[in-house]
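In what follows, a structure is listed as structure tokens, so that the remarks can point back to it.
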Amino acid sequence: MTQEIPQTKPVKVLVTGFAPFQDNPINPSWEIARRLPKILPTENQPAGNSISLIVPDDPLPVTYHQVLTLVPALIEQHDPDIIVHIGLNKELKWFAAEVSAERNGYHEIPDEEKKVFTRAENRKIWGKAADNLASTLGLEQTEMGWKEGKKEVDVRLTDDVGNYLCGFVYYDSMLEMQKKKRNRDVLFLHVPMLEREEEFGAGVTVTEELIKAVVGTWKR
């Protein structure tokens, strides 16, 4: 009598990128996200950890208030196990997985609608939430697996997501996931400026390896 191997639900990973903003006609974060496959190969993953990638049809707008509406809606719609947000940092020459995000500071830099997230809005919407939220993913272990998978590319674990839309979406997503699932299994990936198709392809590979490394250390 053959024993059936129990089927495990795929790990659902919601991946977003941002729309073009300021003087950037192309945002590589979205170019990477929209090129990702729907399923990642799982030959090196723990048994049962197949990976389903969910990429929305459109990029996130670079606007505080729309993001504040869209993030909870995406989480409610897709019920992801893990969220990976991708954003551009033109000053970088490497790929950076960010550790945490600050609650404050989003009143300082206007978004694409020339609006900020005011201190009053912060108090009203986020209430008594912590001043800093860190991802609950095992990022130190993730970093080792990520670097092993992309030896030829400079990838780093850093803690400098900033106080613009990158930090804003990271903080808000962690807070929403904490409310819904009691964890903060969210990650923000900063990418350097990429403009050519082969660069986007390299960015896709880096992102795939990061997600595999995250899932490899993730516990349901």
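For the sequence shown, our numbering begins at 1274 and goes up steadily by one.
No residue lacks a Cβ here, since even glycine has one placed at the ideal position from N, Cα and C.
If you're wondering where the values come from, they're calculated on a predicted model, not measured in any experiment.
Query: First through last residue of the beta strand (DSSP E) which encompasses residue 1441; Result: Note, residue 1441: premise wrong, no beta strand (DSSP E); alpha helix (DSSP H) at 1438-1454.
Query: Residue 1302, enclosing beta strand (DSSP E) - first and last residue; Result: Where residue 1302 is concerned, there is no enclosing beta strand (DSSP E), although the alpha helix (DSSP H) it sits in stretches over 1301-1306.
Query: Alpha carbon of residue 1362 to alpha carbon of residue 1324, nearest angstrom; Result: 27 Å
Query: Option nearest residue 1368 by Cα separation, candidates 1360, 1375, 1374; Result: 1360
Query: The region 1433-1443 / the region 1454-1468 touching (three or more Cβ pairs under 8 Å); Result: yes
Query: Closest residue to residue 1307 among 1293, 1298, 1331, 1313 (Cα-Cα distance); Result: 1331
Query: CB-CB length for residue 1284 against residue 1488, believed under 8 Å; Result: 5 Å
Query: Outcome for residue 1432 when other beta-carbon atoms lying within 10 angstroms are tallied against a minimum of 16; Result: exposed
Query: Separation of residue 1378 from residue 1372, as counted between CA atoms; Result: 17 Å
Query: With 16 other Cβ atoms within 10 Å as the buried cut-off, status of residue 1457; Result: buried
Query: Selected residue, minimal CA-CA separation from residue 1430, among 1445, 1443, 1414; Result: 1414
Query: Buried versus exposed, by CB contacts within 10 Å (16 or more), residue 1364; Result: exposed
Query: Rounded C-alpha distance that separates residue 1420 from residue 1481; Result: 12 Å
Query: Top-ranked residue by Cα proximity to residue 1387, from 1309, 1479, 1453, 1338; Result: 1338
Query: Helix, strand or coil at residue 1403 according to DSSP, with G and I counted as helix; Result: coil
Query: Pairwise C-alpha distance: residue 1287 and residue 1326; Result: 6 Å
Query: Best match in 1484, 1492, 1427, 1291 for proximity to residue 1366 [C-alpha to C-alpha]; Result: 1427
Query: Cβ pair residue 1302, residue 1291 closer than 8 Å; Result: yes
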